[in-house]
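Undergrad:
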Amino acid sequence: MDRMPKWADVILTPLISLALAFAISALVILAIGESPWAALKIMVNGALGSSYGWGFTLYYTTNFIFTGLAVAVAYHAAMFNIGGEGQAALGGLGVALVCLFIPWPHWTLALLAAMAGGALFGAAWAFIPALLQAKRGSHVVITTIMFNFIAAALLNWVLVVKLRPIGSMDPASATFPAATHLPKLTEIFALFGIAWGRHTPANVTFVIALLACLGVWLLIWRTRLGYEIRAFGKSESAARYAGISPVRIIIVAMLISGGLAGMMAINNVMGEAERLILNNVEGAGFIGIAVALMGRNHPFGVLLAALLFGFLYQGGGELALWTTIPRELIVVIQALVILFTGALDNMVRIPLEAFFMSQRRKT
0 MDRMPKWADV ILTPLISLAL AFAISALVIL AIGESPWAAL KIMVNGALGS
50 SYGWGFTLYY TTNFIFTGLA VAVAYHAAMF NIGGEGQAAL GGLGVALVCL
100 FIPWPHWTLA LLAAMAGGAL FGAAWAFIPA LLQAKRGSHV VITTIMFNFI
150 AAALLNWVLV VKLRPIGSMD PASATFPAAT HLPKLTEIFA LFGIAWGRHT
200 PANVTFVIAL LACLGVWLLI WRTRLGYEIR AFGKSESAAR YAGISPVRII
250 IVAMLISGGL AGMMAINNVM GEAERLILNN VEGAGFIGIA VALMGRNHPF
300 GVLLAALLFG FLYQGGGELA LWTTIPRELI VVIQALVILF TGALDNMVRI
350 PLEAFFMSQR RKT
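Here it is, written out as structure tokens:
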């Protein structure tokens, strides 16, 4: 028998953890002489109060959906993939190669190829850690951390030595051809006569991210492979007894995870920068860990958690612009959210379980 209802585990526990994180953040804001209420109003208005704010919020949300789903898929197979940063970076290289060296007549064809390129390069970067885990027992946490740094060094070399245009001092590739430029959400709304989100980077990749949520849900809960992944994640010995190959599940789950992380590059490389630049991932791979934890590794939860972190990113930028609160404080708030929804999850969960168990005994 569950110690507490499912809704309490999925909804109530994260909400209480989030409230605690914001309460402590408010105390920090008070300590530096600012008003928490005024700060909250600025963040809400800046991130959600206009179509301009929503445009940036959805752009960040899109990045976090892909990296959050990547962590969630691996987690269901009892693996903690923290290599999303490197996998997304290499996914950007795959997207750039597809866009730069293949002539495309229309962005729709370029988008399909870029999705394949980003996913393939991201999956390839996850393959070696997966193989080491499956064959040698090397812990995937250690290997994916190492591969994040290797990916950064490799991308630096590729941009400076191979992809940088002649005469350019900027460590970045050439701008992608116009036929590969993705339509922004503001252009889509304009087709219906609606002025929305002008001069914002949100683009059609957001729709792909939503479809990715649906696809992961179908994969994990509606397919045989998903059942095998979950069975292996719950008990490796039971999965072996049922004839499920641990080597296959580890490799397949990590390939899917890396592919999802690599697809993030469609948004930031192809959709926003329209070229490959250094540090294009900007920490989204690590934020994906918090997104997956807060979303309970469920695609719908990942979507909501990604929206929250998108709000924090955009609202935090507005906060730094209009107040004396430093931009680093937003990092503190994000860290507190991660702390309470991840490391200190049991601090909320255990009292809630005790409360619901006592209510059952009374009835």
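Per numbering that gives the first Met the number 0, the sequence shown starts with residue 0, numbered consecutively.
We put the beta carbon where it would ideally sit given N, CA and C, even for glycine.
#1: So which of Met-269, Val-140, Lys-134 and Ala-171 has the shortest CA-CA distance to Pro-200?
#2: Can the beta-carbon of Leu-99 be found less than 8 Å from the beta-carbon of Gly-116?
#3: Determine the contact status of Phe-65 and Met-263, defining contact as a CB-CB distance below 8 Å.
#4: Can you give me the C-alpha to C-alpha distance between Ala-71 and Val-157, rounded to a whole angstrom?
#5: Using DSSP bridges, identify the partner residues of Asn-202.
#6: In whole angstroms, give me the CA-to-CA distance for Tyr-51 and Ser-234.
#7: Hey, out of Ser-16, Trp-53 and Leu-26, whose CA is closest to Arg-197's CA?
#8: Apart from the five residues on each side of it in sequence, which residues of its chain come closer than 6 Å, Cβ to Cβ, to Gly-314?
#9: Should His-138 be labelled buried (16 or more other beta-carbon atoms within 10 Å of its own) or exposed?
#10: Residues in its own chain within less than 6 Å of Asn-279 by CB, not counting five upstream and five downstream?
#11: Could you pull the DSSP bridge partners for Ile-276 from this structure?
#12: To the nearest angstrom, how far is it from the Cα of Arg-2 to the Cα of Thr-362?
#13: Considering only the alpha carbon of each residue, which of Val-301, Ile-187 and Asn-155 lies closest to Asn-202?
#14: Would the stretch 232–247 and the stretch 302–313 be scored as touching if the rule is three or more Cβ pairs under 8 Å?
#15: According to DSSP, is Ala-305 helix, strand or coil?
#16: Check each candidate in Asn-345, Arg-359 and Leu-29 and name the one with the smallest Cα separation from Lys-11.
#17: Where are the alpha helix (DSSP H) runs, 4 residues long or more, that stay fully inside the stretch 5–62, in chain order?
#18: Leaving out the 5 sequence neighbours to the left and right, which residues in its chain are closer than 6 Å to Ala-129 when beta-carbon positions are compared?
#19: Within 10 angstroms of the Cβ of Ser-34, are there 16 or more other Cβ atoms? Answer buried if so, exposed if not.
#20: Tell me, to the nearest whole angstrom, how far the beta carbon of Ile-101 is from that of Ala-112; I am working on the premise that it is less than 8 Å.
#21: DSSP three-state label for Glu-281, please.
TA: So, from the listed chains and residues:
#1: To locate residue 200, count along the sequence shown from 1; it is residue 201. Relative to Pro-200, the option among Met-269, Val-140, Lys-134 and Ala-171 whose CA is nearest is Met-269.
#2: Position 100 of the sequence shown, counting from 1, holds the residue named residue 99. Position 117 of the sequence shown, counting from 1, holds the residue named residue 116. Contact: no.
#3: Residue mapping note: residue 65 aligns to position 66 of the sequence shown, counting from 1. Residue mapping note: residue 263 aligns to position 264 of the sequence shown, counting from 1. Yes, these two residues count as a Cβ contact at 8 Å.
#4: Against the sequence shown, residue 71 aligns to sequence position 72. Against the sequence shown, residue 157 aligns to sequence position 158. Computed Cα separation, rounded: 30 Å.
#5: Here residue 202 corresponds to residue number 203 of the sequence shown, with the count starting at 1. Lys-183, per the DSSP bridge assignment.
#6: Start at 1 with the first residue of the sequence shown, and residue 51 comes out as number 52. Start at 1 with the first residue of the sequence shown, and residue 234 comes out as number 235. Going from the Cα of Tyr-51 to the Cα of Ser-234 covers about 47 Å.
#7: As a working mapping, residue 197 is identified with position 198 in the sequence shown. Proximity to Arg-197 across Ser-16, Trp-53 and Leu-26 peaks at Trp-53, based on C-alpha coordinates.
#8: By one-based count along the sequence shown, residue 314 stands at place 315. Correct list, in chain order: Met-42, Gly-45 and Ala-46.
#9: Translated into the one-based positions of the sequence shown, residue 138 becomes position 139. With fewer than 16 Cβ atoms within 10 Å of its Cβ, His-138 is classed as exposed.
#10: Counted from its first residue, the sequence shown places residue 279 at position 280. Hits under 6 Å: Gly-91, Asn-267 and Val-268.
#11: In the sequence shown, the residue the question calls residue 276 occupies position 277. Bridge partners of Ile-276: Ala-171.
#12: Taking the sequence shown and counting its residues from 1, one reaches residue 2 at position 3. Taking the sequence shown and counting its residues from 1, one reaches residue 362 at position 363. Taking the straight line from one Cα to the other gives about 15 Å.
#13: Sequence index remark: in the sequence shown, residue 202 carries index 203 (1-based). It is Ile-187.
#14: no
#15: Position 306 of the sequence shown, counting from 1, holds the residue named residue 305. Three-state DSSP puts Ala-305 in a helix.
#16: Looking up residue 11 in the sequence shown gives position 12. Reading the sequence as shown, one finds Leu at residue 11 and not Lys. Comparing Cα positions, the closest option is Asn-345.
#17: 12–30 and 35–47
#18: Residue mapping note: residue 129 aligns to position 130 of the sequence shown, counting from 1. Taken in chain order, the residues that qualify are Ile-249, Ile-250 and Met-253.
#19: In the sequence shown, residue 34 corresponds to position 35, counting from 1. Under this definition Ser-34 is an exposed residue.
#20: In the sequence shown, counting from the first residue as 1, residue 101 sits at position 102. In the sequence shown, counting from the first residue as 1, residue 112 sits at position 113. Ile-101 to Ala-112, Cβ: 7 Å. Contact.
#21: Position 282 of the sequence shown, counting from 1, holds the residue named residue 281. Here Glu-281 sits in coil by DSSP.
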